[in-house]
Every structure is written in C-alpha cells, then in structure tokens.
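**Student:**
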Amino acid sequence: MTDTTHPDPIEGCRCEEMLEHLFEYVDSEMTVEDSARLHRHVEECATCQEATDAETRVRLLLRRSCQEVAPSTLRLRVITQIGVLRGGGTIR
Ligand SMILES: [Zn+2]
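If you count by the UniProt record's numbering, then the sequence shown holds residues 1 to 92, one letter each, in order.
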C-alpha cells in the first residue's frame, strides 16, 4: 500500500529546513512535532547529523565557559562545511 515514489511533503524534511531550524532544534525551542520531524531527518542524514553534533558541542563549550555569544567563526565554519558537503559531493 505504500507508494514510495510519492514524496510526503508533511513528513519529509530536507536539509534546508533542518539547517534553518538547527539552533532551535539544538536548543529544544521547537514544538514536539517539528522536533520529532527534524530528528527523523537527522537520523538518516549524515550531513545534518554532523551539523547538530557540531552545534551541540558549541553549546556545551558555551555552557562551560559561561558565555552568551557563540563563536561566530566556528558556526560559520560549520555552515560552510555543510555547503561544501552538499554542493561538492564527496570530500576527501
Ligand atoms: Zn540533512
């Protein structure tokens, strides 16, 4: 009964959406529904797994150093890396 050729616009979540809500997701500032949806994508997407992992590490560092502003260079590096991963295909 399952039509695999038909993409589900409600259940489906793409990297663009994930990255757009990355900080909210890591900060758990989303609704349970949205968070679960993104979580499902993260589980299947290595790129977004890395992104959430990196952002989570940033949060841990921030908590330890008691700062309120994230190091923008690190964040920029993560975003840039994601762009390279998505646009360039394979990286060695
Ligand atoms: Zn993704």
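Glycine included, C-beta positions come from ideal geometry on N, C-alpha and C.
Because the structure is a prediction, the values reported are computed rather than measured.
Quick check: His41 and Glu20, are their CB atoms within less than 9 Å of each other?
**Tutor:** Within the sequence shown, the letter at position 41 stands for residue 41. Within the sequence shown, the letter at position 20 stands for residue 20. Not in contact: His41 and Glu20 (Cβ atoms no closer than 9 Å).
**Student:** Sorry if obvious, but does the Cβ on Met18 come closer than 8 Å to a heavy atom of ligand 1?
**Tutor:** One-based indexing of the sequence shown puts residue 18 at position 18. Yes, Cβ of Met18 sits closer than 8 Å to a heavy atom of ligand 1.
**Student:** Grab the span of the alpha helix (DSSP H) containing Glu24 for me, first residue to last.
**Tutor:** Locating residue 24 in the sequence shown gives position 24, counting from the first residue. Start and end: Leu22 to Val26.
**Student:** Kindly indicate which three-state DSSP category Gly87 falls into: helix, strand or coil?
**Tutor:** In the sequence shown, counting from the first residue as 1, residue 87 sits at position 87. Helix, per DSSP.
**Student:** Where does Arg14 sit, in a helix, a strand or coil, going by DSSP?
**Tutor:** As a working note, residue 14 is residue 14 in the sequence shown. In the structure shown, Arg14 sits in coil (DSSP, three-state: anything other than H, G, I, E or B).
**Student:** From which residue to which residue does the alpha helix (DSSP H) around Glu33 run?
**Tutor:** On the sequence shown, residue 33 is found 33 positions in, with the first residue counted as 1. Run containing Glu33: Val32 to Glu44, per the alpha helix (DSSP H) assignment.
**Student:** Look up Glu55 in the DSSP assignment and say whether it is helix, strand or coil.
**Tutor:** On the sequence shown, residue 55 is found 55 positions in, with the first residue counted as 1. The answer is helix: DSSP assigns Glu55 an H, G or I state.
**Student:** Taking C-alpha atoms, which residue in Arg64, Ser28 and Leu22 lies nearest to Tyr52?
**Tutor:** Residue 52 sits at position 52 when you count from the first residue of the sequence shown. One point to set straight first is that residue 52 is Thr, not Tyr, in the sequence displayed. Among Arg64, Ser28 and Leu22, the Cα nearest to that of Thr52 is on Leu22.
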